[in-house]
Amino acid sequence: MDHHPRILDNYLHTKHFLQLVNVPVFGKPFLYMKNHKAACTTVLATLMDNLIKLRGDGGETIDMTSVHTPPKSLLLTGPRGLTMAHVMEALADRQVFKFTVVREPVARTVSSFSDKIVKGEKQKAKLMRHLNRPVDDEITLSQFLDIMAHDEAARDIDRHWRSQRKEVSYDFINYDFVGDMADLNGALGLVVKTLFDVGQPVVQDTRRSLGHKSASAEMIEAMTPTDRRNIETAFGEDFDMYEDVRHRLARAA
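Under this note's numbering, the residues of the sequence shown are numbered 581 to 833, in order.
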């Protein structure tokens with residue numbers, strides 16, 4: 581029987597886990613755990629930009645396609661670029677800088693609804709099929725949050741709203757740095773300085789450069805007390821993790 585690393589208990593399957601891991605082809609070794617709806621496109625674009633500059637040939641362009649499927653000449657990710665043995669070795673190697681970025685749970689959950697449900701993306705279709713409802717049925721934020729609070733299988737349907745604590749294996753990976761999306765420039769500034777010895781880090785903010793943003797601020801303002809309780813019920817462990825991250829960052833400041 582194949583060895584089953586405990587870290588895989590956090591994921592639906594091995595492919596799911598490997599698709600979140602990103603390691604460089606050259607330069608200082610690092611391992612970035614991608615966390616959907618926590619500035620992952622900005623993080624990846626910034627890493628790719630600095631790797632291109634480090635190599636010095638400017639051979640790749642950065643756009644939404646390349647960020648979502650990084651060229652193998654820069655980053656290795658997913659089962660086509662990585663094996664479990666490779667990843668487990670990197671996780672155990674103290675020379676590998678391991679990092680991720682997390683997001684305040686209310687903001688992340690509402691952003692996932694705004695971006696993936698309201699716009700009728702494939703994620704909505706998967707959720708509606710799970711609920712045995714027509715794919716084109718409308719679903720409100722309050723309904724979505726009630727489902728998240730009471731349907732564990734629905735919480736696991738898509739990684740854009742799935743528990744961050746599970747997605748980044750917060751309790752399994754000995755991270756060198758966990759950044760807060762609320763201070764993304766500060767977080768990525770530290771990462772870039774650490775990995776690329778850059779005096780003035782440049783962050784590739786894809787919300788501006790590639791038009792990648794969702795409109796969720798008004799939805800958050802309109803949330804009811806029941807909505808907030810439902811998020812806390814659904815993602816209580818994420819709230820605990822986020823507070824732990826904030827306290828660690830405050831102590832390090």
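Cβ atoms here follow ideal geometry from the backbone N, Cα and C, with glycine treated the same way.
For residue i, the three-state DSSP class (helix, strand or coil)
i, result
"P604", "strand"
"T720", "coil"
"T813", "helix"
"L592", "coil"
"A665", "helix"
"K617", "coil"
"K678", "strand"
"L711", "coil"
"D818", "helix"
Residue from the options with nearest C-alpha to residue i
i, options, result
"D716", "R831, M708 and L627", "M708"
"F815", "S646, T663 and R735", "R735"
"G779", "F606, K699, F597 and N630", "N630"
"L655", "A687, K699, P609 and A665", "P609"
"T804", "K652, D763 and D726", "D726"
"R635", "T813, F776 and N754", "F776"
"E800", "P685, R674, R660 and K614", "One point to set straight first is that residue 800 is Ile, not Glu, in the sequence displayed. Nearest C-alpha to I800: P685."
Burial state of residue i (16 or more Cβ within 10 Å)
i, result
"T621", "buried"
"V623", "buried"
"M581", "Confidence at M581 is low in this model, with a pLDDT of 37, below 50, so the placement of that residue should be treated as unreliable; the coordinate-derived value is given next. Looking at its Cβ environment, which holds fewer than 16 other Cβ atoms inside 10 Å, M581 is exposed."
"R739", "buried"
"F724", "buried"
"E669", "exposed"
Review point. Hey, which unbroken runs of the alpha helix (DSSP H) at 4 residues or more fall wholly within the segment 728-806?
Key: 732-735, 744-747, 764-776, 786-789 and 797-801
Point to revise | Runs of beta strand (DSSP E) wholly within the segment 624-659 (minimum 3 residues, chain order) | key: 655-657
Point to revise | Three-pair Cβ contact test at 8 Å for the segment 665-683 versus the segment 749-763 | key: yes
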